[in-house]
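In the numbering used here, the protein residues as written are 21 to 450.
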């Protein structure tokens, strides 16, 4: 009887160990899924994935989607519980999902790493309800690009220092055909494109006029702030550049592509175009600088972050956090900046040699006196507010009747502010 019990016990132990081994193999063979909204990052991820596979034997699948499609997929997959194991998104997208309970907190060791590895502004932007949920990967400040060759042709030697110079330079740099149609713009503004990006670029100039999209009230709530003198001046700047002086056009190539082809002399972007131009437009001579403000000495830009998060629905959470930490090794962080042009806001990695090799990156790191870094508020409806305002701004940018029409400009912004305040009110934040 005793031998039978011992045999049964041994059999049970074998079954347990067999089950554990199967579980271990199964867990090891599970693929970690990652979603990103920036295809430019794929080369760094691909290298990290290959290295991680060699080190651990684990498979990681990274999928990159166009940014707005990525955001739509998150909006569907997170509530449904079928999100990827890791997703990388902005501090103005994530609050709604944290508030809804879809996002995991990092393990304590990773929280400790975050608190000791990033600059104070990045930490503040990524703190929600006194907690940090994701590992910051990117800290982005927008800068002005200017074509040195085209400037020289126009008799200009340096980038504009304020809005008056910006307008005058744009007028000198614009080229028209014999019918007065713009064939090369003096500046390419963000005029359309959907999502929150239109508002973000407007916010850059708004910061340079001393304004902001939202302001926090004394009781800890929020209200629209852009329907003030700074907001009206910013919208007027757009209308003047597009319609009054015709230094920009809806009918020409836009943004980074336009600059690479020499179809525009100035535009505003993050720093990723710097390595992009090396391969697509190696002969272009360009400079980068901080964004000119309404008056010299008072200017600003938008600073935002992208962080890696793990949803509560992940079945591979432990492995997901492990890969996030692997990706945060110095090798990949340096690649992010030098090869891809995405600055990493780490305080414990030295990037000085990269800035020395490529001085154009430095403009994104400059913080001259009086330079404002405008950010997104850590509230759930931020993306909705920025997107809805962007739709109204797109319509306003096409409205030539707003030229020398302060009443019309005021109405556009007042109407938009009512919608913004209604969204805040609906969320208990007004």
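Even glycine gets a Cβ: it sits at the ideal position worked out from N, Cα and C.
Original post:
Is residue 247 buried or exposed, if buried means 16 or more other CB atoms sit within 10 Å of its CB?
Top reply: The count along the chain shown starts at 1 and reaches residue 247 at position 227. Residue 247 counts as buried, since at least 16 other C-beta atoms from the protein chains shown sit within 10 angstroms of its C-beta.
**OP:** Within the same chain, show all residues whose beta-carbon is closer than 6 Å to that of residue 166, passing over the 5 residues directly before and after it, in chain order.
**Re:** Within the chain shown, the letter at position 146 stands for residue 166. Excluding positions up to five away in sequence, the list reads 179, 286 and 307.
Original post:
Which two residues bound the contiguous alpha helix (DSSP H) that contains residue 150?
Top reply: If you number the chain shown from 1, residue 150 lands on position 130. No alpha helix (DSSP H) contains residue 150, which DSSP labels as neither H nor E.
**OP:** Compute the beta-carbon to beta-carbon distance between residue 329 and residue 131, rounded to the nearest angstrom, for a pair I have assumed lies under 8 Å.
**Re:** Start at 1 with the first residue of the chain shown, and residue 329 comes out as number 309. Start at 1 with the first residue of the chain shown, and residue 131 comes out as number 111. About 13 Å; that fails the 8 Å criterion.
Original post:
Identify the residues that DSSP records as bridge partners of residue 319: which are they?
Top reply: Taking the chain shown and counting its residues from 1, one reaches residue 319 at position 299. For residue 319, which the question treats as bridged, DSSP gives the partners 391.
Subject >> Contact belief for residue 111 with residue 398 at Cβ below 8 Å, rounded distance in angstroms >> reply: On the chain shown, position 91 is the one that residue 111 refers to. On the chain shown, position 378 is the one that residue 398 refers to. About 7 Å separates the CB atoms of residue 111 and residue 398; that is less than 8 Å, so the two are in contact.
Subject >> Length-filtered (4 minimum) alpha helix (DSSP H) runs lying within the stretch 96 to 180 >> reply: Counting only unbroken stretches of 4 or more residues, the alpha helix (DSSP H) elements lying wholly within the stretch 96 to 180 are 115 to 119, 128 to 137, 140 to 145 and 168 to 173, in sequence order.
**OP:** Could you tell me the distance, in whole angstroms, from the CA atom of residue 22 to the CA atom of residue 105?
**Re:** Looking up residue 22 in the chain shown gives position 2. Looking up residue 105 in the chain shown gives position 85. For residue 22, the pLDDT reaches just 35, beneath the cut-off of 50, and the residue's location in the model is therefore unreliable, although a value from the coordinates is still provided. The alpha-carbon atoms of residue 22 and residue 105 are separated by roughly 49 Å.
**OP:** Check whether the Cβ atoms of residue 261 and residue 183 lie closer than 7 Å to each other.
**Re:** Numbered from its first residue, the chain shown carries residue 261 at position 241. Numbered from its first residue, the chain shown carries residue 183 at position 163. Residue 183 sits away from residue 261, with the two beta carbons spaced by 7 Å or more.
Subject >> Endpoints, the alpha helix (DSSP H) within which residue 75 is located >> reply: For the purposes of this step, residue 75 is taken as residue 55 along the chain shown, with counting starting at 1. That run of the alpha helix (DSSP H) goes 62 to 76.
Original post:
Got a sec? Which residues, its chain only, sit under 6 Å from residue 40 by beta carbon, not counting five neighbours each side?
Top reply: As a working note, residue 40 is residue 20 in the chain shown. At residue 40, the pLDDT of 34 sits below 50, so the modelled position is not reliable and the matter cannot be decided from this model.
Original post:
Just to confirm, are residue 243 and residue 447 a CB contact at a threshold of 7 Å?
Top reply: To locate residue 243, count along the chain shown from 1; it is residue 223. To locate residue 447, count along the chain shown from 1; it is residue 427. No, the Cβ-Cβ distance between residue 243 and residue 447 is not below 7 Å.
Subject >> Nearest residue (CA-CA) to residue 269, options 419, 367, 311 and 168 >> reply: For the purposes of this step, residue 269 is taken as residue 249 along the chain shown, with counting starting at 1. Comparing Cα-Cα distances from residue 269 to each of 419, 367, 311 and 168, the minimum goes to 419.
Original post:
So, are the CB atoms of residue 291 and residue 381 less than 7 Å apart?
Top reply: Position 271 of the chain shown holds residue 291. Position 361 of the chain shown holds residue 381. Yes; because the gap between Cβ atoms is below 7 Å, this pair is in contact.
Subject >> Short Cβ contact (7 Å threshold) for residue 365 with residue 156 >> reply: Numbered from its first residue, the chain shown carries residue 365 at position 345. Numbered from its first residue, the chain shown carries residue 156 at position 136. Here residue 365 is near residue 156, since their CB atoms are less than 7 Å apart.
Subject >> Delimiting residues of the beta strand (DSSP E) encompassing residue 355 >> reply: Sequence index remark: in the chain shown, residue 355 carries index 335 (1-based). For residue 355, no beta strand (DSSP E) encloses it; the enclosing alpha helix (DSSP H) starts and ends at 350 to 355.
Original post:
Is the stretch 359 to 379 touching the stretch 69 to 76, taking contact as three or more C-beta pairs under 8 Å?
Top reply: Between the stretch 359 to 379 and the stretch 69 to 76, the count of Cβ pairs shorter than 8 Å is below three; the stretches do not touch.
Original post:
Exposed or buried, residue 271, counting other C-beta atoms within 10 Å across all chains shown (16 or more means buried)?
Top reply: On the chain shown, residue 271 is found 251 positions in, with the first residue counted as 1. Counting every other CB atom within 10 Å of its CB across the protein chains shown gives residue 271 a total below 16, marking it as exposed.
Original post:
How many whole angstroms separate the CB atoms of residue 318 and residue 228, which I take to be in contact at a CB cut-off of 8 Å?
Top reply: As a working mapping, residue 318 is identified with position 298 in the chain shown. As a working mapping, residue 228 is identified with position 208 in the chain shown. Confirmed, about 7 Å.
Subject >> Proximity to residue 152 [Cα-Cα], best of 194, 161, 138 and 283 >> reply: Along the chain shown, read from residue 1 onward, the residue named residue 152 stands at position 132. Ranking 194, 161, 138 and 283 by Cα distance to residue 152 puts 138 first.
Original post:
Does DSSP classify residue 58 as helix, strand or coil?
Top reply: Residue 58 sits at position 38 when you count from the first residue of the chain shown. The answer is coil: DSSP assigns residue 58 none of H, G, I, E or B.
Subject >> Inter-residue CB distance, residue 311 and residue 162 (contact presumed, cutoff 8 Å) >> reply: Stepping through the chain shown from its first residue, residue 311 is reached at position 291. Stepping through the chain shown from its first residue, residue 162 is reached at position 142. Right, their Cβ atoms sit about 7 Å apart.
Subject >> Segment contact flag, the stretch 320 to 327 with the stretch 142 to 152, C-beta cutoff 8 Å, min 3 pairs >> reply: Enough Cβ pairs lie closer than 8 Å, so yes.
Subject >> Contained alpha helix (DSSP H) runs [length at least 4] in the stretch 412 to 449, N- to C-terminal order >> reply: Listed in chain order, they are 426 to 446.
Subject >> 7 Å Cβ shell around residue 47 - same chain, five flanking residues per side excluded >> reply: Here residue 47 refers to the residue found at position 27 when the chain shown is read from its first residue. Only weak support exists for where residue 47 lies, its pLDDT of 39 falling under 50; the value from the coordinates is given anyway. No residues qualify anywhere along the chain.
**OP:** Below 8 Å on the Cβ atoms is my guess for residue 82 versus residue 56; work out the distance and round it to an integer in Å.
**Re:** The residue you call residue 82 lines up with position 62 of the chain shown. The residue you call residue 56 lines up with position 36 of the chain shown. Contact holds; Cβ gap of about 7 Å.
Original post:
Bridge partners of residue 205, per DSSP?
Top reply: If you number the chain shown from 1, residue 205 lands on position 185. In the DSSP assignment, the residues bridged to residue 205 are 284.
Original post:
How is the alpha helix (DSSP H) around residue 337 delimited, first residue to last?
Top reply: What you label residue 337 is simply residue 317 of the chain shown in a count that begins at 1. Residue 337: member of the alpha helix (DSSP H) spanning 337 to 347, first to last residue.
Subject >> Bridge-paired residues (DSSP) for residue 242 >> reply: As a working note, residue 242 is residue 222 in the chain shown. Looking at the DSSP output, residue 242 shares a beta bridge with 236.
**OP:** Below 6 Å CB to CB, which residues in the same chain sit around residue 482 once its five sequence neighbours on both sides are set aside?
**Re:** Only positions 21 to 450 of the chain appear in the structure, and residue 482 is not among them; the question remains open.
Original post:
If you compare alpha carbons, which of 198, 181, 175 and 370 is closest to residue 192?
Top reply: The residue you call residue 192 lines up with position 172 of the chain shown. The residue with the shortest Cα to Cα distance from residue 192 is 175.
Original post:
Would residue 194 pass as a contact of residue 267 if the rule is Cβ separation under 7 Å?
Top reply: What you label residue 194 is simply residue 174 of the chain shown in a count that begins at 1. What you label residue 267 is simply residue 247 of the chain shown in a count that begins at 1. Yes, the Cβ-Cβ distance between residue 194 and residue 267 is below 7 Å.
Subject >> Whole-angstrom C-beta distance between residue 208 and residue 322, which should lie under 8 Å >> reply: Here the question's residue 322 lines up with position 302 in the chain shown. Here the question's residue 208 lines up with position 188 in the chain shown. Incorrect: roughly 17 Å between the Cβ atoms, too far for contact.
**OP:** Report yes if the C-beta distance between residue 298 and residue 283 is below 7 Å; otherwise report no.
**Re:** To locate residue 298, count along the chain shown from 1; it is residue 278. To locate residue 283, count along the chain shown from 1; it is residue 263. It is not a contact, given that the beta carbons lie outside the stated cut-off.
Original post:
Grouping DSSP H, G and I as helix and E and B as strand, with all else coil, what is residue 276?
Top reply: Here the question's residue 276 lines up with position 256 in the chain shown. Note: residue 276 maps to helix in three-state DSSP.
Original post:
When you compare each of 288, 334 and 434 to residue 384 by their alpha carbons, which one comes out closest?
Top reply: Reading the chain shown from its first residue, position 364 is the one you call residue 384. Closest option to residue 384, Cα to Cα, is 288.
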